[in-house]
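Counting in the numbering used here, the sequence shown runs from 6 upward without gaps. Notes follow the structure.
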Amino acid sequence: MNPYLTVPVILDQSCMHQFLTERKSDVEKAIEFLEGELAGIQTGRASTGLVDGVLVTTYGSAQVLKNLAAISTPDAHTVQIEPWDASVVKDIEKALTEANLGIMPNVSGKIIRMVVQPLTEDRRKELAKMVGKKVEEARIRVRTGRDEIKKDIERAEKENEIREDERYRLQEELDAFVKEVNDALERLGDAKEDQIMKV
């Protein structure tokens, strides 16, 4: 994962009530979700992220490709896959073909290569729209997490676990946290769109 795409969300733990501390990671998972989704979107350049999460049915179960092979990018347009066990080459080839990545695998012995073609302008626009959809999916996850935490805060006030002023403070903290996460999602989406649109 590109380090500049990883967006840490940092909150002052000392001022956070247990409701936010316990549920914060549920909301932060939206960032991990989006990073994973964006890694699989082509940019016109080779990236191990295009294939490492592809599910391969082999040895009687489904496994992610990165657990079955060494994946590398020997040049800007080639993804190279070297299975640790040559007997799974056909299974990997089948999984890559069925994954509809827009790139066909090319098998040579026990090495599988996938050549990423430069993107057309229309394809770039299509992919940029897809990025927008993925960002929105992540934002929905954040909203769902926020709503659950809000219910917890309101319930705690009703059950006299916290005072009214604490509820207001917690809701302010929650709103600030959600804004920070949503801003991080936007930055991830913008960075991916920039990669896609760069010729």
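Where a beta carbon is used, it is the ideal one built from N, C-alpha and C, also for glycine. This one's a predicted model, so the numbers in the text were calculated from it and none came from an experiment.
Hey, quick one: how far does the beta strand (DSSP E) through V140 stretch, first residue to last? Looking at the DSSP string, V140 is not in any beta strand (DSSP E); the run it does join, the alpha helix (DSSP H), is E126 to K163.
Of all the options T78, M109 and I117, which has the alpha carbon lying nearest to the alpha carbon of W89? I117
In this structure, how does DSSP classify P13 when only helix, strand and coil are distinguished? Because the pLDDT at P13 is just 40, under 50, the model does not fix this residue reliably, and the point stays unresolved.
Mapping DSSP to helix, strand and coil, what is M109? coil
How about A161: is its C-beta nearer than 7 angstroms to some C-beta of chain B? Note that chain B does not occur in the displayed structure, where there is just one protein chain.
Helix, strand or coil: how does DSSP classify D90 here? coil
With H, G and I counted as helix, E and B as strand and the rest as coil, what does DSSP make of E185? helix
Run through DSSP, which three-state label would I76 get? strand
Return helix, strand or coil for R192, following the three-state DSSP convention. helix
Residue from L73, R50, G49 and T48 whose Cα sits closest to the Cα of G58: L73
Would you check if the distance between the CB atom of A81 and the CB atom of A51 is smaller than 7 angstroms? yes
Does the Cβ of T63 have 16 or more other Cβ atoms within 10 Å, making it buried, or fewer, making it exposed? Buried, by the Cβ-count rule.
DSSP three-state call for T63: helix, strand or coil? Secondary structure at T63: strand, using DSSP grouped into helix, strand and coil.
Who does R118 pair with in a DSSP beta bridge? DSSP output for R118 lists Q85 and N111 as bridge partner(s).
Contact check, I201 vs R144 under 8 angstroms by CB: the rounded distance? Contact doesn't hold; Cβ gap of about 19 angstroms is too wide.
Give the straight-line distance between the Cα atoms of M135 and R174, rounded to the nearest whole angstrom. Approximately 37 angstroms, taken between the alpha carbons.
Measuring CB to CB, does I76 end up less than 7 angstroms from T53? yes
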